[in-house]
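Visitor:
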Amino acid sequence: KTLREFGLEERIETVRGQGYRLKEQVRL
Numbered sequence: 001k002t003l004r005e006f007g008l009e010e011r012i013e014t015v016r017g018q019g020y021r022l023k024e025q026v027r028l
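Below you can see the structure in the form of structure tokens.
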């Protein structure tokens with residue numbers, strides 16, 4: 001894997017985590 005691919009995957013995971021947190025906040 002290239003560093004660029006690894007960085008993109010990491011960013012996608014981060015965005016998913018933020019989206020999940022936002023949904024949790026809306027529920028609360």
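Numbering (my numbering), first residue to last: 1 to 28. Even glycine gets a Cβ: it sits at the ideal position worked out from N, Cα and C.
Would you tell me roughly how many angstroms separate the C-alpha atoms of R11 and Q18, rounded to the nearest one?
Guide: 11 Å
Visitor: For the alpha helix (DSSP H) that L28 lies in, which residues bound it at each end?
Guide: Element bounds for L28: n/a, residue is neither H nor E.
Visitor: Alpha carbon to alpha carbon, what distance is there between E13 and T2?
Guide: Put simply, the backbone Cα of T2 is about 17 Å away from that of E13.
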